[in-house]
Amino acid sequence: MILQVNQLSKSFGADTILTNIKLEVRSRDRIAIVGRNGAGKSTLLKIIAGQLSYEKGEIVKPKDLSMGYLAQHTSLDSQLTIKEELLTVFDFLKEMETEMRLIEEKMATAEANDLEALMKTYDRLQQDFKDKGGYQYEADVRSVLHGLGFSHFDDTAQVQSLSGGQKTRLALGKLLLTQPDLLILDEPTNHLDIDTLTWLEHYLQGYKGAILIVSHDRYFLDKVVNQVYEVSRSESKKYHGNYSAYLEQKAEQYEKDLKIYEKQQGEIAKLQDFVDRNLARASTTKRAQSRRKQLERMDVMSRPLGDEKTAAFRFEITKQSGNDVLRAQDLTISYKDQPALLTGLTFSITRGESAALVGPNGIGKSTLLKILIKTLEPDKGTISYGSNISIGYYDQEQAKLTSSKRVLDELWDEYPELAEKEIRTCLGNFLFSGDDVLKPVHSLSGGEKARVALAKLMLQKANFLILDEPTNHLDLDSKEVLENALIDYPGTLLFVSHDRYFINRIATRVFELSRNNVEEFLGDYDYYTEKKTQQRELEELEQQTAEQVQSPAAGKSESKRSYEEEKEWKKKERQRIRRIEEIESNVSEIEEKISHNEEMLCDPEVYQNHEKVQAIHADNENLNHNLENLLAEWEELSTEDI
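Counting from 1, one number per residue, gives the positions in the sequence shown under full-length UniProt numbering.
Rendered as structure tokens:
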């Protein structure tokens, strides 16, 4: 156990945010904190990281525990270059290296009686330098630069020249390089493209410390975490497994609790009916009184609380479009007097399709969408629309929201023909009720602004929706509602998203954008990744064949052997990853059993029974032995280089 949160409570003025929060973190835990926007997830992380105070409860942790915290909107302010900024993490190693060089100089001219002492100091310092990563930290920096998408930047590129999102990414890289015992990440997947997300998943899967994460990326949570704490109605509840397992367990527990509640309500009704019918009769009054006492002694359950209220909406259209919706021909696009960003782009969309536009950050996806809605003009090429096309656009930056207006007026000014009741009903569907609709837009959170923008889009009833990162700022429940609304949408859809789960549910087609091409994949995200893997394997095989042609002396058998070795390597790698996942699942189960046994030992009925105590201790010894063996195997597999 490296950290415990016990009965923690936090309020802001009269508003209670968290009450009686309990959370436990063990070494190598990967824990997700989930819940609605405003539930208190970020507040909880700030409290654990020491950034916020709390009114009640306690946080117990070792004095030497190192913690690293990445806030949602972390930004670096530095005059250094990108690489220099990351290297500052290892200033202590540079100082050790300088000290070693000085000792080497002294050793070269030292007298015999001083040499032995210098050599001992040098050996100790060199071993310490090696143990702390002195011979690999530059390679680690290069790996993080590449993984987080900074490898194409010039060595002279300064931190201050980066965008806000890029600075947040760099802050994440800097934090990862410090390798604290507990890594606390608040929405680390913001500002990351799909390739960078995949790299971060692999990095965190092999991370040696514990991880505490808030994220709305379900694909990411399923890949990384092995425990989930749900923060709901200001309290927390623990679930074992990844995010998908949490959803299943939560649904099962609700059904189970509801059945128990309904059964008890039935028993109460029978007892009360007996009392009502028999209390007045002399012959049966004693039995009725007995039943009444039984009712009074009964510990009556509250009705199980289901999910909190969710948004409820659907997208409709006023008229159907023609079959041909959009055709872009030979587009060339530049941005702010820069060299051409994109060239030779040709693609088309037909009625009823849901097309996802993917590509690395900075490639120009948002710029292309703005050209399609005619906010910007292409340098070259043509864009033609079919008949009866009406476009609805969702801007990830919500630039069209007027900050000085009230929420009610933001919609009503755009649709003045609607009655106030209709506008309020629409906003109610997006969780704005009562005085919420009178708030100024500038006071809303990112998630609330996103819901306002979606409400405006719904009222537009356009038959061609163009959406730029529609899931940004939405919590997991709101994302699911949006997905269902878009799945049922009768029009045509083109969207940009880095949420792989969202793409998988919505897309019937994927457009991959590169500098001079749009490659089409007729399927969802899983189909797209499968095809990309096949393409890479084919390219590797063709490269091996080309090398074989260029070097005939190597022989045909060597090329075949190399290919067979590659297949064998991939097979072993899949087996290794499956075994790691299996071990992590077993470790979670064993830790839960140990925790359950420790709770039993606190029960007076148990600790007063000598035989039970002995049996529990024996079980715990066996479980701890198995746990040590599994963790040793996990460590060996995680560091194995096949």
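C-beta: ideal position from N, C-alpha, C; glycine also.
Bear in mind that the values here come from a model prediction, so they are computed numbers and not experimental data.
Residue 207 carries a coil assignment under DSSP once its states are collapsed to helix, strand and coil. Counting along the chain, the unbroken beta strand (DSSP E) around residue 57 starts and ends at 56 to 60.
In this structure, DSSP gives residue 344 an extended state, which the three-state scheme calls strand.
Looking at the DSSP output, residue 391 bridges to 464.
With a cutoff of 8 Å on beta-carbon distance, residue 85 and residue 170 are scored as near each other. Burial state of residue 378 is buried, judged by a 10 Å Cβ sphere holding 16 or more other Cβ atoms. If the five residues before and after residue 238 are omitted, its C-beta is found closer than 6 Å to the C-beta atoms of 229, all from its own chain and listed in chain order.
Each of 467, 612, 474 and 636 was checked against the Cα of residue 506, and the nearest Cα belongs to 467. The three-state reading of DSSP puts residue 374 in coil, since its state is none of H, G, I, E or B. Of the residues 535, 48 and 263, the one whose Cα lies closest to the Cα of residue 186 is 48. Remark: C-beta atoms of residue 630 and residue 597 do not approach each other more closely than 8 Å. When rounded, the separation of the alpha-carbon atoms in residue 497 and residue 126 is 48 Å. With contacts defined by Cβ atoms closer than 8 Å, residue 177 and residue 144 form a contacting pair.
Here residue 333 carries a strand assignment [DSSP, helix/strand/coil].
Residue range 15 to 25 is occupied by the beta strand (DSSP E) that includes residue 15.
Take the alpha-carbon of residue 9 and the one of residue 54: they are about 6 Å apart. When secondary structure is reduced to three states using DSSP, residue 507 falls in the coil class, being assigned neither helix nor strand. Ranked by Cα distance from residue 36, the first of 227, 214 and 137 is 214. Residue 5 holds the alpha-carbon nearest to the alpha-carbon of residue 19 among 330, 445, 25 and 5.
DSSP lists 182 as the bridge partner or partners of residue 67.
Straight through space, the alpha carbons of residue 232 and residue 275 are spaced by roughly 39 Å. Minimum Cα-Cα distance from residue 152 among the listed residues 188, 114 and 82 corresponds to 82. For residue 390, the closest alpha carbon among the candidates 491, 418, 346 and 328 is that of 491.
Residue state for residue 225 is assigned as coil, using DSSP reduced to three classes.
By a beta-carbon distance limit of 8 Å, residue 580 contacts residue 637. Their separation comes to about 5 Å. Of all alpha-carbon atoms in 267, 246, 266 and 256, the one lying nearest the alpha-carbon of residue 33 is that of 246. With a cut-off of 8 Å on Cβ pairs, the region 197 to 207 is in contact with the region 217 to 228, counting three or more such pairs. The C-alpha of residue 137 is placed about 32 Å away from the C-alpha of residue 114. Within its own chain, the residues whose Cβ lies closer than 6 Å to the Cβ of residue 384, once the five positions on either side in sequence are excluded, are 327, listed in chain order.
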